[in-house]
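Notes follow the structure.
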Amino acid sequence: MHSHITRQQLEALTLRWEHWEAEAATTAQKIARARLHLLFLLFRYGGLRLGEALTFEPRAAIDIITGMMRVPGPNARELLLPLSAMRHIRRILSLPQAGDPDFLRLDQAFVRKKFYAVGKTMGLPPAVLGPRAIRYSRGLELLDLHVPMSLVQKFLGQQDTVQLAAFLNFSDGQARKMLSAQARDRRASRQVQAVDDDATNLFWGIVTGIHTGMRKIHVEITTFSDVRLTASCTHEQAGLLEVHENQVLSARVDPERVALSAERIQTSLGNCARCVVESLHADAVETFVCLSLPDGTILRATVETPAVTKLHLAEGKKIFAYFPTSAVTLLAD
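Below is the structure:
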């Protein structure tokens, strides 16, 4: 189910909050609406969770001159608030009441009720108006603006796989779809620009596992369409890339090192993918095989032409592709 709002709707909702606060008639109402508007701005532009926001001390945590905001706690982070938001934040923080450490300490149910009420005036459903939906919608907005996923993770304060999965699966996997589309566009762009096959077999995903040995490190990458690859690299290479879990990285599979089998077999190779043959292009020595992975991504393999006859390769045939972890090269995003 879709539970996010578009960039245009988010901008309209931001303006609606400004007008809603300005419509306050009494002093008490102005203060109450200012507190709620500040919460909205912190979700919208600061990526705060509801629990973080309700214990947040804005005067101590926000530099009103530079716009730098420091979020304390287990998901501590620093981020720069945009000028458009700081104009309202400075005004609200100038209120005498804003000096109270409990200025934002409001009942969660009350906050949600008010957020639903403001959005209802625009005809928006409650599912897209909660604090979580707003902060995740901001994350999607940033992705749509081609902000790197690593910065979006920092904005959302995501430091573990569970937190990252929640965002990727939000609103029927909207973030996952956007990242997959960007990865396809990036592959297509590199293939157009490439003068050789360096753009072949490029995959883009998130580091979901790291296993460290004496000489090598195995890095597991899960693409945004749930294809899993394992790469091996030296400690020096991992250090240069600053490899860590939840990091966004690209990986390239060497087509010359992909082995094919008509059946699933036990091998010592670290990667196995079930594929369907899309196309074959052969000469007397080599055959270039395009394989479709379950998500529709193309994996290319270069095999010896005599082997094609033995495997009875043909378009539409199901096949298994095997390649070692050393055939997967990690690249910086």
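Anchor point for the sequence shown: position 46 equals 46 in full-length UniProt numbering, and the numbering is continuous, going up by one each time.
Heads up, the beta-carbon is just placed ideally off N, CA and C, and yes, glycines get one too.
- Apart from sequence neighbours up to five positions away, the residues of its chain that approach T200 with a beta-carbon distance below 6 angstroms are P255, R300, ordered along the chain.
- Inside the region 7-76, DSSP marks whole beta strand (DSSP E) runs of 3 or more residues at positions 68-71, from first to last along the chain.
- As summarised for the region 155-239, the continuous beta strand (DSSP E) elements at least 3 residues long and confined to that stretch are 202-212, 216-223, 228-234, given in chain order.
- Under the Cβ criterion (8 angstroms, minimum of three pairs), the region 70-80 does not count as touching the region 90-104.
- Boundaries of the alpha helix (DSSP H) around V118: 108-120.
- Taking C-beta atoms as the reference points, L280 and L313 count as a pair closer than 8 angstroms.
- C-alpha of R257 to C-alpha of R135: approximately 43 angstroms in a straight line.
- In this structure, the CA atom of Y322 is about 26 angstroms from the CA atom of L241.
- Assignment of beta-bridge partners to V253 by DSSP yields V328.
- Ranked by Cα distance from T212, the first of D226, S232, Q153, I206 is S232.
- Under the 8 angstroms Cβ criterion, the region 34-51 does not count as touching the region 119-129, having fewer than three qualifying pairs.
- Taken atom to atom, the span from the alpha-carbon of Q247 to that of Q182 is near 16 angstroms.
- Boundaries for K317: no alpha helix (DSSP H) harbours it, and the DSSP string shows neither H nor E there.
- DSSP, reduced to helix, strand and coil, places L260 within a strand of the structure shown.
- Excluding its 5 nearest sequence neighbours in each direction, A251 has C-beta neighbours in its own chain below 6 angstroms: F203, I221, L229, A231, V328, L330, listed in chain order.
- Your pair I210 and E245 checks out as a contact, with CB atoms roughly 6 angstroms apart and the cut at 8 angstroms.
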